[in-house]
Amino acid sequence: MKKLLPIAVSLAALTAMNVSASTLEDVQARGVLKCGVSTGLAGFAAPNDSGQWEGLDVDLCRAVAAAVLGDSEKVEYVPLTSKVRFEVLKSGEIDVLSRVTTWTFTRDASLGLNFAGVNYYDGQGFMVPAALGVTSAKGLDGASICIQTGTTTELNAAEYFKLNGMTYEPVPVETSAEGRQNYIAGRCDVYTTDASALAAQRSVFEDPTAHIVLPEIISKEPLGPVVRHGDDQWLDIVKWSHNAMLNAEELNINSKNLDERAANAKDPAAQGLLGSNEAKLGAMLGLDKQWAYNIIKQVGNYSESFERNVGKSTALKLERGLNALWTNGGIQYAPPLK
Amino acid sequence: MSTETKKYELGMHPAMPPPANSVGPVRWMRDNLFSSVSNTFLTLLGLYLVYMILPPFIEWAFIDSVVFGAESRKECLAIMGEDRGACWSFVYRRWGQFVYGFYPMEERWRVNVAFILTAITVAVVLIERLRANKNILIGAVMLPVACYFLIVGGSFGLVDVPTNKMGGILLTLIVGLTGIFVSLPISIMLALSRISKLPIFSIIATIFIEFIRGVPLITLLFIASTLLSYFLPPGSNFDLLLRVLIMVTIFSAAYIAEVIRGGLAAIPTGQYEAADALGLSYWQSMRLIILPQALKISIPGIVGSFIGLFKDTTLVVIIGLLDPLGIGMAAISTTAWAGLSTELYVFIGLFFFIFCFSMSRYSMHLEKKLHTGHNN
Chain A
1 MKKLLPIAVS
11 LAALTAMNVS
21 ASTLEDVQAR
31 GVLKCGVSTG
41 LAGFAAPNDS
51 GQWEGLDVDL
61 CRAVAAAVLG
71 DSEKVEYVPL
81 TSKVRFEVLK
91 SGEIDVLSRV
101 TTWTFTRDAS
111 LGLNFAGVNY
121 YDGQGFMVPA
131 ALGVTSAKGL
141 DGASICIQTG
151 TTTELNAAEY
161 FKLNGMTYEP
171 VPVETSAEGR
181 QNYIAGRCDV
191 YTTDASALAA
201 QRSVFEDPTA
211 HIVLPEIISK
221 EPLGPVVRHG
231 DDQWLDIVKW
241 SHNAMLNAEE
251 LNINSKNLDE
261 RAANAKDPAA
271 QGLLGSNEAK
281 LGAMLGLDKQ
291 WAYNIIKQVG
301 NYSESFERNV
311 GKSTALKLER
321 GLNALWTNGG
331 IQYAPPLK
Chain B
1 MSTETKKYEL
11 GMHPAMPPPA
21 NSVGPVRWMR
31 DNLFSSVSNT
41 FLTLLGLYLV
51 YMILPPFIEW
61 AFIDSVVFGA
71 ESRKECLAIM
81 GEDRGACWSF
91 VYRRWGQFVY
101 GFYPMEERWR
111 VNVAFILTAI
121 TVAVVLIERL
131 RANKNILIGA
141 VMLPVACYFL
151 IVGGSFGLVD
161 VPTNKMGGIL
171 LTLIVGLTGI
181 FVSLPISIML
191 ALSRISKLPI
201 FSIIATIFIE
211 FIRGVPLITL
221 LFIASTLLSY
231 FLPPGSNFDL
241 LLRVLIMVTI
251 FSAAYIAEVI
261 RGGLAAIPTG
271 QYEAADALGL
281 SYWQSMRLII
291 LPQALKISIP
301 GIVGSFIGLF
311 KDTTLVVIIG
321 LLDPLGIGMA
331 AISTTAWAGL
341 STELYVFIGL
351 FFFIFCFSMS
361 RYSMHLEKKL
371 HTGHNN
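As given, the protein sequences belong to chains A and B, one line each in that order. Each residue of the first sequence is one higher than the one before, starting from 1 at the first, in the numbering used here. Each residue of the second sequence is one higher than the one before, starting from 1 at the first, in the numbering used here.
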């Protein structure tokens, strides 16, 4: 097995390049987009009671399907654990990975993958029982901490504790549900993960006020969709599917008013985005001119997707915060559609 | 009642009933529960533990629980009020997902038909009186074919349902039953090859068995889900479920082969020699003399492996197939149901217990039935 592995890996590197010459053609021929998502994470990707997948990450899959196939329902969701996600993407089993994946240098540079944007800016935080009497992450010396394995949170926690000269005892968990159970059962003093997930976890506790999220955010966690190296056209398609949603929000175009805006000849920016004037933006991506129209019509703009899945009306009650548009004090900034 | 006593001749008195404390439940309790001071103590301790655990559990699971009428954990809690019981609503609302996974709603009758056919066939094969009929046995052999066409579709006017839509109990049964029924003949062949006098057979079988047994199932599943597609030509679509089925089958076959080899080794050499002396060919002696005895001894081990295999099917969740546990984990991570976990594990535990306990009882029944009154 030990001798087999390098052979397998080099073979993998060889074949990874020609897994598919054109992902776009593959997807169009297949008629369905294969999208890797979480096995279940509130607000980002989880099946509802009738078996429909829902969430912010799921909306990104739906947006790409709407752009490429004209139908946001033509998505095959492949639930993936954090351990296998990159392998499955590289092996060509899925076309795009949209699974709260943090964009880091190492992942971008060494895994043979490309990040196509950031659909949620997150940061890692700590949650502790209020009864513990800790008010700052600096007071966590010697604590046992529930951490999801194979994630960037593992490395961040190690780095943060080392930097501050503190020690901790990791309690590895596989899924967020497992992490929550371990934390509630008292098998760890602290639960650490992205702040959005902490808010989600805390919202379902018997008594949310008995737990506090410490003020320190110890990392940058830009979460975004990932594609394979070697297919720039596909990278552009995923990137601009997300950017189209952002630009639509910036232009105040949503799923309700888009027909009206598309018909308004005095509104060239909206017409360009929605493909109702002479600018042939879709063709440059290898798509038809309705690509962005389909996204906004079927999925909505970024704000609609955000509010529907994680916003104030949901149980997660997340603020836009960093994820507000740059015009509203956030850092969601999409290059212009020109 | 007359107080008059009858006179009997000496020694002719009919037998009196035994004293009340030496028959029935009282006798049984005296013999089994209170036979000594330490046993009495342990009995009382056991009763106390049952008393401590059972009533609260019943109250939690049945009396204070909510099944209908709630669409989220919040509503469950609101209905329950102060008495916190189990919130079974998520099982009720997601029952379809637990049974069929994401199988299309309008096609689910096909799975139901397959379930009913399987149940009938299993009953027929397991009940001896019906098994005698040859026609019925032929029907049983046709079952997997019928189930395949029903569940996968794509012919006879049935819509094609991709395997990634299959999940929940359907997935567990597909993986578990296929693994069990396909691996048994393979494992018999492997066991016979391994003890074969022809080196080519025994070497290949030994390498195969030892390699598979030396690798955890989860590794084989990883290979199936990720590594395998590197070796296949680009664009080829080798179904993930099929890959998993193959891996599970060869894994189970390697283990059962060793159990059967143990059974074969336990058969006295005299039996082999007697078979040879009768002039039976290799296959005749195996079929008529050796295997019936060897398999009989191996039953507990084989069923043990089957039970292990059935439970191992939950591992497929790691490679993204949603078995009942995966469906449940996804359910409790939605905003509506987040926070429920005990209910999920109790439910899944019950599901596996029913199947595994039935298998175990059937194995005991088989052992009793096949017991010939002497150990070889």
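C-beta atoms are modelled at their ideal positions from N, C-alpha and C, and glycine is treated no differently. Given the structure is predicted, the values throughout are model-derived calculations rather than measurements.
(Q) So B/Phe102 contacts chain A; which residues on that side make the cut at Cβ distance below 7 Å? (A) Gly51
Q | Helix, strand or coil at B/Phe41 [DSSP, three-state] | A | helix
(Q) Any contact between the region 82-97 of chain A and the region 289-305 of chain A? By contact I mean 3 or more CB pairs, one from each, below 8 Å. (A) no
Q: Determine, using beta carbons only, whether A/Leu316 comes closer than 8 Å to chain B.
A: yes
Q. Taking the continuous alpha helix (DSSP H) assigned at B/Ala265, which residues delimit it?
A. B/Ala265 -> alpha helix (DSSP H) spans 240-266.
**Q.** Listed by chain order, chain B residues near A/Gln181 by CB distance under 8 Å
**A.** Ser341
(Q) Assuming contact is defined by CB atoms lying nearer than 8 Å, are B/Gly153 and B/Val159 in contact in what I supplied? (A) yes
**Q.** Pick from A/Gly300, A/Val213, A/His229, A/Asp267 that is closest to A/Ser255, judged by C-alpha positions
**A.** A/Ser255 has its Cα closest to that of A/Gly300, out of A/Gly300, A/Val213, A/His229, A/Asp267.
(Q) If contacts are defined as beta-carbon pairs under 8 Å, then A/Leu318 and A/Ser219 qualify, I think. What distance do you get, rounded to the angstrom? (A) The pair is not a contact, with the Cβ atoms about 17 Å apart (cut-off 8 Å).
Q: Please list the segments of the beta strand (DSSP E) lying wholly inside the region 54-109 of chain A, counting only runs of 3 or more residues, in order along the chain.
A: 75-80, 96-102
Q: Indicate whether the contact test is met: 3 or more Cβ pairs, each with one atom in the region 88-103 of chain B and one in the region 161-168 of chain B, closer than 8 Å.
A: yes
Q) Going along chain A, which residues have a C-beta under 7 Å from B/Ser333? A) Gly40, Leu41, Ala42, Ala46, Ser176, Ala177
Q: State the start and end residues of the unbroken beta strand (DSSP E) segment that holds A/Ser144.
A: 143-148
Q | Cα-Cα separation, A/Ala381 to A/Arg308 | A | A query on residue 381 of chain A cannot be resolved here, the shown segment of chain A reaching from 1 to 338 and no further.
Q: Just the chain A side, please: which residues come within less than 9 Å of B/Met329 by C-beta, in chain order?
A: Thr39, Gly40, Thr175, Ala177, Glu178
**Q.** Runs of alpha helix (DSSP H) wholly within the region 254-333 of chain B (minimum 4 residues, chain order)
**A.** 269-277, 282-285, 291-312, 324-331
Q) Thinking just about the alpha-carbon of each residue, which of B/Leu228, B/Gly339, B/Tyr362 is nearest to the one in A/Ala185? A) Per the Cα distances, B/Gly339.
Q | Beta-carbon gap between B/Lys311 and B/Phe352 smaller than 8 Å | A | Taking the C-beta atoms as reference points, B/Phe352 is found nearer than 8 Å to B/Lys311.
Q: Output the distance between the C-alpha atoms of A/Asn323 and A/Tyr77, rounded to the nearest integer angstrom.
A: 25 Å
Q. At a Cβ threshold of 8 Å, is A/Glu25 touching chain B?
A. No, A/Glu25 does not count as interfacial toward chain B.
**Q.** Under 8 Å from the C-beta of A/Phe377: neighbouring residues of chain B
**A.** A question about residue 377 of chain A goes unanswered here, because the residues of chain A that appear run from 1 up to 338.
Q: Would you kindly work out how many angstroms separate the C-alpha atoms of B/Leu321 and A/Leu113, rounded to a whole number?
A: 24 Å
Q.
Just to confirm the assignment, what range does the alpha helix (DSSP H) spanning A/Asn243 have?
A. A/Asn243: member of the alpha helix (DSSP H) spanning 232-250, first to last residue.
(Q) Could you check whether the Cβ of B/Leu217 sits closer than 8 Å to any Cβ belonging to chain A? (A) no
Q | Interface flag, A/Leu214 vs chain B, CB-CB below 8 Å | A | no
Q) If you count every other CB in all the chains shown that lies within 10 Å of the CB of B/Val317, and 16 or more means buried, which is it? A) buried
Q | Reduced DSSP category for A/Ala46 - H, G, I as helix; E, B as strand; rest coil | A | strand
Q. Does A/Thr81 have its Cβ less than 8 Å from a Cβ in chain B?
A. yes
Q: Measure from the C-beta of A/Ser91 to each C-beta in chain B and report whether the shortest distance is under 8 Å.
A: Yes, because at least one Cβ of chain B sits closer than 8 Å to the Cβ of A/Ser91.
Q.
Between which residues of its own chain and A/Asp267 is the CB-CB distance below 7 Å, once the five residues before and five after are set aside?
A. Arg261
Q | Backbone CA spacing between A/Val9 and B/His371 [nearest angstrom] | A | Residue confidence for A/Val9 is low, a pLDDT of 47 falling below 50, so the modelled location carries little weight; the figure read from the coordinates is stated next. Distance from the CA atom of A/Val9 to the CA atom of B/His371, rounded to whole angstroms, is 53 Å.
Q: Kindly give me the distance between the Cβ atoms of B/Leu245 and B/Thr178, rounded to whole angstroms, as I take these residues to be in contact under 8 Å.
A: 5 Å
**Q.** Residue from A/Val100, A/Val238, A/Thr193, A/Leu214 with nearest C-alpha to A/Val171
**A.** Closest by C-alpha distance to A/Val171, out of A/Val100, A/Val238, A/Thr193, A/Leu214, is A/Thr193.
Q | Reduced DSSP secondary structure (H/G/I, E/B, other) of A/Trp34 | A | It is worth fixing the name first, because residue 34 of chain A is Lys in this sequence and not Trp. Correct three-state label for A/Lys34: strand.
Q: Could you have a look at A/Glu206 and say whether DSSP puts it in helix, strand or coil?
A: coil
Q: Tell me, to the nearest whole angstrom, how far the beta carbon of A/Gly43 is from that of A/Leu60; I am working on the premise that it is less than 8 Å.
A: The pair is not a contact, with the Cβ atoms about 13 Å apart (cut-off 8 Å).
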